[in-house]
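Number of protein chains: 2
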Amino acid sequence: MADVDLRDIGRRALEAGRRLALLSSEARGAALGEIARRLDAVGEDLWEANRADIADARAAGVSAPLVDRATLNAKKVAGMAQGVREVAALPDPLGETFDGRTLPNGLRIAKVRVPLGVLGVIFESRPNVAIDIGALAIKTGNAVIMRGGKESLRTNVALVELVRAACEAHGLPADAVQYIASPDRTLVPALLGMDDVIDLIIPRGGPGLQALVKEHAKMPVIYGGIGVCHLFVDETADLERAIPVIHNAKTQAPSVCNALDTVLVHRTVAAEFLPKMAAALTACGVQIRGDAASLAALEGAAGVDAGLVSPAGPEDYGQEFLGLVLSTKVVDTLDEAIAHIARYSTQHSDGILTNDYARAQRFVNEVNSSAVFVNASTRFNDGGQFGLGAEVAISTQKLHARGPVGAQALTTYKWVVQGDWHVRA
Amino acid sequence: MADVDLRDIGRRALEAGRRLALLSSEARGAALGEIARRLDAVGEDLWEANRADIADARAAGVSAPLVDRATLNAKKVAGMAQGVREVAALPDPLGETFDGRTLPNGLRIAKVRVPLGVLGVIFESRPNVAIDIGALAIKTGNAVIMRGGKESLRTNVALVELVRAACEAHGLPADAVQYIASPDRTLVPALLGMDDVIDLIIPRGGPGLQALVKEHAKMPVIYGGIGVCHLFVDETADLERAIPVIHNAKTQAPSVCNALDTVLVHRTVAAEFLPKMAAALTACGVQIRGDAASLAALEGAAGVDAGLVSPAGPEDYGQEFLGLVLSTKVVDTLDEAIAHIARYSTQHSDGILTNDYARAQRFVNEVNSSAVFVNASTRFNDGGQFGLGAEVAISTQKLHARGPVGAQALTTYKWVVQGDWHVRA
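Residue numbers (this note's numbering), protein chains in the order written: chain Z, 1 to 425; chain G, 1001 to 1425.
This is the structure we're talking about:
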């Protein structure tokens, strides 16, 4: 690997960001179309880069699921191209003028939506992220500096080169999309200190990466992705209809952040509901870790694979399982459910299953998560599902963007003030 | 001073914030009215606390302007009460429902505006900030933990006690407004590490405080207040009308962040404009620090106090003077003006004075400051002037709130998703 000069990367990103921000929607759209076409026709260099990465990862003993995620194939590349076309089809967020008015003194003020400037994105594994982020950056007029996982270094570099070439072909500065092509770990803290260059850092990865960013980042950050998600089965829930909702929330995509982790059940319905729920879930291989009351309800229940049922330890509440494991707890009241969620939730996705209007209202008012659900699967907390288009992350913090972080969240605004030689009185 | 247990303060703030968020607009409004009434009738305890603070500050050799800012009088307290009444009169930001729609699958989604949770505000000197921030926190349903300057410790404590008593009188948790009543400097870094409690830190102070926050804060921050502000006098400017705008921007309140620091003048009009401008400004005691071309234009000019004119050093560009000093520079083109601003501005408030439509457009498009002005004083970048009501700061960062940070910027939203037992396909 060549030596990496982060300051030089930063200078070029600032300059490219300034130029990109002034280019038309048409020019940015043309570059996005070009990226998709080039992905449709990727050449041997990409496959070779990916094979070399995978060979190295296997030799280094990287786990099979990680190797799987890092391995490209024609279908994954076609998915990337499709993703770019979807980003291209989104409305252009830039230039929107809003909150405009004429003040009593005649001064005309309005907010105009503009790019943030320079994004920094640090991600683990999956190389499609390099394309997704590159496309979203171009769409929103931002320059971006990326750093991906070392398992995908050559692949990411090849993909970023494709994006840069597509930019150049349509008059966009190639340096709008840059990649830190070195496995040197000290570059990450150095990047996180460049608050004079980078307007927003987005860490896409696990708790280790987030802690590193929290420790070193001097600029604003959007954290996301860690979801300890709850559903509360109220005593008035339609128990038959509750089961598919829980089944969907737990099993449709168990490794993602909006997958269900803990079911709270009202004591009144625990004996009736838990065996039915456990039968449906254990049939799909879901392990259930219950409190004493849950285990009592499940004891000897028909259709439940008892081998998958075990006592919950304290660590089973407040844990994101990212797999086919669910913790359960019997509660006496709605208040107890709300208090449990307040204590253990990561404020990602939490819901109530109920037919009681007042309890639904109380839950919605008192549970403060990025998305609060009534009678729906937590899996809906997603940019695509909410109609926002591609998302960069699901934010679990409260500033700027909460929940799905779409293209608009990668923009800011400036106040434009037009006067007639106005002075302040 | 009693020992301070920050973790205990944090626990109580979290709990109080949860309770406050559920109280009605009426209850919060009643507490605000009570604060204003209690300020109208402040007792000897406040004056005594302030006298003790001032005596200590004088004994410690604190500078006269700082002592002035820390000294309360009846007029300042009446101003605080008036400020609280203005906050009370603002529309309640909480509960606003927006971006609502029904998805094709029938799921109903909407954003609902909610408090951030717990604010942390670190401020220097002026004790009115304790009242302003307390009132804005109550208005927006947030708990707040404050830490003020040591010159005002007793005064701030007395003011916060008044706010707490007003809260209690109307059923609000007193712990929604807490003050760190200790001059121990190690408490600030400790507070900045409490990202499990505090959702947003707002540092109100100079570069030293901002650097400390940048070093230690683990939670989101809104920085603001540092404004290196520019006006560019284009060759087509109405030179007569430009002078009052520059005069206003420089002298109306020279110590604040939106005051003008640098005037850039197009070379074509420099010889005509600079002497007139300098005559008007030096008559009010403004020092002018010019580049060589400016000094040449001012050499021997009628009406200019030559004793106030001196050469600009490199440090005079990019400096926030916060006083009656102005730097000037002659530029050859609009591009050179824009490039100077890109290099030296803090992206706070920058403007152009021109009668050329196309140049006004280019300036507005290419200068990326929180407020960009055409033919108006930079002094208008202010929450009150923009009709947003009281402001916490003028943000110079791009995330969440840019420019004046009003009540709405102290809120966030949650997605409320209402289904009919929906599962994701």
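Ideal Cβ placement from N, Cα and C applies to all residues, glycine included.
#1: Give the residues of chain Z in contact with I1122 of chain G, contact being defined as C-beta atoms less than 9 Å apart.
#2: Could you name the residues of the same chain whose beta carbon sits closer than 7 Å to that of N1368 of chain G, not counting the 5 residues immediately before and after it, in chain order?
#3: Between the Cα of D1316 of chain G and those of G:T1262, G:R1267, G:G1323, G:A1296, spot the shortest distance and give me the residue it belongs to.
#4: For a contact meaning CB atoms closer than 9 Å, what does P244 of chain Z contact in chain G?
#5: Check R101 of chain Z in the structure and name its three-state DSSP category.
#6: If the cut is a Cβ gap below 8 Å, which residues of chain Z does I1341 of chain G touch?
#7: Are the C-beta atoms of H230 of chain Z and some chain G residue less than 7 Å apart?
#8: Would you decide whether T1411 of chain G is buried or exposed? Buried here means 16 or more other CB atoms lie within 10 Å of its CB.
#9: Using a beta-carbon distance below 7 Å, is Q252 of chain Z in contact with chain G?
#10: Alpha carbon to alpha carbon, how far is F1321 of chain G from L1281 of chain G?
#11: Is the segment 215-223 of chain Z touching the segment 182-196 of chain Z, taking contact as three or more C-beta pairs under 8 Å?
#12: Is N1050 of chain G helix, strand or coil when you go by DSSP?
#13: Measure the beta-carbon distance from L1264 of chain G to H1340 of chain G and round it to whole angstroms, keeping in mind my assumption that it falls under 8 Å.
#14: Pull up the distance between the alpha-carbon of L1239 of chain G and that of D1356 of chain G, whole angstroms please.
#15: Taking only beta carbons into account, state which residues of the segment 205-226 of chain Z come closer than 7 Å to chain G, listed in chain order.
#16: Expressed to the nearest angstrom, what Euclidean distance is found between the alpha-carbon atoms of Q1319 of chain G and V1228 of chain G?
#17: From P173 of chain Z to R11 of chain Z, what distance separates their C-alpha atoms?
#18: By DSSP's criteria, D1332 of chain G is part of a beta bridge. Which residues make up the other side?
#19: Rounded to a whole number of angstroms, what is the C-alpha to C-alpha distance between M1 of chain Z and S1345 of chain G?
#20: Beta-carbon of S24 of chain Z versus every beta-carbon of chain G: anything under 7 Å?
#21: Beta carbon of E391 of chain Z, beta carbon of G403 of chain Z: below 7 Å?
#22: Does the beta-carbon distance from F373 of chain Z to G387 of chain Z come in below 7 Å?
#23: Grab me the residues of L23 of chain Z's own chain with a C-beta within less than 7 Å of its C-beta, minus the 5 sequence neighbours each way, in chain order.
#24: Below 7 Å on C-beta distance, what does N368 of chain Z contact in chain G?
#25: Mind listing which residues of the segment 263-279 of chain Z have their C-beta closer than 9 Å to chain G's C-betas, in chain order?
#26: So what's R424 of chain Z in DSSP terms, helix, strand or just coil?
#27: Under 7 Å Cβ-Cβ, which residues of chain Z neighbour V1364 of chain G?
#28: So, does the CB of L1410 of chain G fall closer than 7 Å to a CB anywhere in chain Z?
#29: Can you list the residues of chain Z that D955 of chain G reaches, using a CB-CB cut of under 8 Å?
#30: Interface residues of chain G around R379 of chain Z at Cβ under 9 Å?
#31: Taking only beta carbons into account, state which residues of the segment 1380-1405 of chain G come closer than 9 Å to chain Z, listed in chain order.
#32: With a threshold of 8 Å on Cβ separation, who are the neighbours of P1104 of chain G within its own chain once the five nearest residues in sequence on each side are excluded?
#33: I'd like to know if D1199 of chain G contacts chain Z, where contact means its C-beta is closer than 7 Å to some C-beta of that chain.
#34: So, does the CB of V374 of chain Z fall closer than 7 Å to a CB anywhere in chain G?
#35: Answer with yes or no whether the minimum CB distance from N248 of chain Z to chain G is below 7 Å.
#36: Quick check: what's the CA-CA separation for V417 of chain Z versus F1232 of chain G?
Reading off the structure:
#1: In chain order: nothing, as chain Z lies at least about 17 Å away.
#2: Q1347
#3: G:T1262
#4: W1421, V1423
#5: strand
#6: Residues of chain Z passing the Cβ test: none, with the nearest at roughly 12 Å.
#7: no
#8: buried
#9: yes
#10: 15 Å
#11: yes
#12: helix
#13: 6 Å
#14: 13 Å
#15: K214, K218, P220
#16: 6 Å
#17: 13 Å
#18: Bridge partners of D1332 of chain G: none, in fact.
#19: Because the pLDDT at M1 of chain Z is just 44, under 50, the model does not fix this residue reliably, and the value given afterwards should be weighed accordingly. Those two C-alpha atoms are separated by around 37 Å.
#20: no
#21: no
#22: no
#23: L172
#24: V1114, K1414
#25: none
#26: coil
#27: V416
#28: no
#29: Residue 955 of chain G lies beyond the residue range present for chain G, which begins at 1001 and ends at 1425; the question has no answer from this structure.
#30: V1423, R1424
#31: F1380, N1381, D1382, Q1385, F1386, G1387, Q1397, K1398, L1399, H1400, A1401, R1402, G1403, P1404
#32: none
#33: yes
#34: yes
#35: yes
#36: 15 Å
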